[in-house]
Structures are given as C-alpha cells and as structure tokens.
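Read in order, the letters of the sequence shown correspond to residues 869 to 983 in the numbering used here.
Don't be surprised by glycine CBs; every beta carbon is placed ideally from N, CA and C.
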Amino acid sequence: MEMSSAGSSSSPGMRFYTVLWAGLLGIVIVEVLLTYGGLRPLALLIALLALALIEAGVALMYFMHLKYERRILFWSLIPALVFVLVMFDHLWPDAFRVTSMRLPVSASSTPAGGG
869 MEMSSAGSSS
879 SPGMRFYTVL
889 WAGLLGIVIV
899 EVLLTYGGLR
909 PLALLIALLA
919 LALIEAGVAL
929 MYFMHLKYER
939 RILFWSLIPA
949 LVFVLVMFDH
959 LWPDAFRVTS
969 MRLPVSASST
979 PAGGG
C-alpha cells in the first residue's frame with residue numbers, strides 16, 4: 869500500500885489519463901467528421917496530418933511516459949526518426965512507380981467459357 873501512495877505523487881492519477889484519453893477520442897471524432905466533410909483533398913490531408921501529429925505527440929509524451937523521462941532520452945529519438953524517414957525516402961520512388969505500371973494479363977486469369 870505504501871508503494872502506491874509514494875508512486876502517485878510523481879505521476880498523474882487515473883482521472884488525468886481518462887481525460888487525456890477522452891481528448892484523444894475527441895480528436896479521432898474530429899478526424900472522422902473532417903473525412904466526411906467534403907474538404908478539398910489537400911486541405912483534408914493537411915488537417916488529418918496535423919491532428920495525427922498531435923495525437924502521436926500526446927501518446928508519446930503521456931502514455932509512453934516520455935514526459936517524465938530525462939530530456940536526453942527524448943532527444944535521442946530524433947536521430948532515429950530522421951534515419952527512418954531517410955530510409956522511407958528510398959522507397960517512395962518505387963511506390964509512385966507502381967501506380968503507373970500495368971499488370972500483365974495471363975491466359976489463366978481469363979475465363980475459359982467467356983463468362
């Protein structure tokens with residue numbers, strides 16, 4: 869019992885995390901409403917990416933407890949993120965190339981009787 873009372877002073881309680889979760893749920897509801905709202909594709913993309921970044925930041929800081937860690941741990945994640953983005957950058961040209969490719973039609977994929 870003493871362990872829980874000592875640990876509760878250094879981190880927020882269950883009420884804080886419940887309110888935080890409700891806030892994240894509210895952001896998800898806003899994202900769904902924006903998706904069905906009929907925005908232009910570019911505006912929708914910018915809005916959804918901004919909301920996703922906010923969600924990710926809140927999840928990292930509070931649910932993964934990075935807010936309570938040393939700053940060096942937080943800043944050590946930045947080079948890892950840059951590395952992952954550089955690696956993705958090498959794959960994106962292939963992803964865009966695939967959209968313009970046509971798949972070959974084989975004889976086995978056409979029905980024998982014509983229907």
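So, with DSSP's three-state summary, where would you put residue i?
i, result
"Ala933", "The question names Ala, but residue 933 is His in the sequence shown. The answer is coil: DSSP assigns His933 none of H, G, I, E or B."
"Pro909", "helix"
"Met969", "coil"
"Pro947", "helix"
"Arg939", "helix"
"Pro880", "coil"
"Tyr885", "helix"
"Leu892", "helix"
Contact check, residue i vs residue j under 8 Å by CB: the rounded distance?
i, j, result
"Ala918", "Leu907", "Incorrect: roughly 13 Å between the Cβ atoms, too far for contact."
"Ser902", "Leu912", "The displayed chain sequence assigns Leu, not Ser, to residue 902. Going by Cβ atoms, the distance from Leu902 to Leu912 rounds to 6 Å, so yes, they are a contact pair."
"Leu934", "Leu941", "7 Å"
Check the Cβ-Cβ distances between residue i and every residue of chain C, and say whether any is below 7 Å.
i, result
"Trp960", "In summary, chain C is missing from the structure at hand, where a single protein chain is found."
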